[in-house]
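Asker: Dropping the structure in here first, questions after.
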Amino acid sequence: MSEPITVLAPIKLASGKTEADLLEASSRFQENFVSHQQGVLRRELVRTAEGEYLDIVQFRSMGDAEKVMEAERTSPDCMEFFSMMDLSDVDMEAEMPMYRSLATYT
92 MSEPITVLAP IKLASGKTEA DLLEASSRFQ ENFVSHQQGV LRRELVRTAE
142 GEYLDIVQFR SMGDAEKVME AERTSPDCME FFSMMDLSDV DMEAEMPMYR
192 SLATYT
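Following this line, the structure appears as structure tokens:
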């Protein structure tokens, strides 16, 4: 049995973008891309500070997470969502940290 994987993706708003813009783009990204990906268990967008957010995504397995992240690289829906973000300090070639679930509580 595979262990769930959680990805914590920090987001900083691009210049001129608002939280409302981010929420609208996030909803489209969810509807047009994420909801069609196998292995995505849950996704949550949270505010961490003024103009800064965290996209929390839980996957069924490491393999599922890797497949979705690969699909993101060529997805127009993903690129639209990314256009809301200030990516000037982000190394797009770096691997996103992934965390294995040890225990899940509800």
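According to my numbering, the sequence shown is numbered sequentially starting from 92. Glycine is no exception: its CB is placed at the ideal position from the N, C-alpha and C atoms.
#1: Would you say Glu-115 and Arg-138 are within 9 Å of each other, going by their C-beta atoms?
#2: With a CB to CB cut of under 7 Å and the five nearest residues on each side skipped, what residues in its chain are close to Glu-135?
#3: Quick one: Cα of Asp-112 to Cα of Met-175, how far?
#4: Going by CA-CA distance only, name the one from Phe-120, Glu-94, Ala-100 that's closest to Gly-130.
#5: Compute the Euclidean distance between the alpha carbons of Val-98 and Pro-188, then round it to the nearest angstrom.
#6: DSSP three-state label for Glu-115, please.
#7: Does the beta-carbon distance from Lys-108 to Asp-180 come in below 9 Å?
#8: Take Thr-195 as the anchor and find which of Ser-106, Phe-150, Phe-120 has the nearest alpha-carbon.
#9: Count the other CB atoms, across all protein chains shown, that sit within 10 Å of the CB of Asp-182; report buried if there are 16 or more and exposed otherwise.
Answerer: Reading it off the structure:
#1: Reading the sequence shown from its first residue, position 24 is the one you call residue 115. Reading the sequence shown from its first residue, position 47 is the one you call residue 138. In this structure, Arg-138 does not lie closer than 9 Å to Glu-115 by Cβ.
#2: Position 44 of the sequence shown, counting from 1, holds the residue named residue 135. So the list reads Ile-147, once near-sequence residues are dropped.
#3: As a first step, residue 112 is located in the sequence shown; it is residue number 21 there, counting from the start. As a first step, residue 175 is located in the sequence shown; it is residue number 84 there, counting from the start. About 7 Å.
#4: The sequence position of residue 130 within the sequence shown is 39, counting from 1. The residue with the shortest Cα to Cα distance from Gly-130 is Glu-94.
#5: Looking up residue 98 in the sequence shown gives position 7. Looking up residue 188 in the sequence shown gives position 97. Spanning the two alpha carbons is a distance of roughly 6 Å.
#6: The residue labelled residue 115 in the question sits at position 24 within the sequence shown. Glu-115: helix per DSSP, three-state reduction.
#7: Stepping through the sequence shown from its first residue, residue 108 is reached at position 17. Stepping through the sequence shown from its first residue, residue 180 is reached at position 89. No, they are not a contact pair.
#8: On the sequence shown, residue 195 is found 104 positions in, with the first residue counted as 1. The candidate whose alpha carbon is nearest that of Thr-195 is Phe-150.
#9: Numbered from 1 along the sequence shown, position 91 holds the residue referred to as residue 182. That one is exposed.
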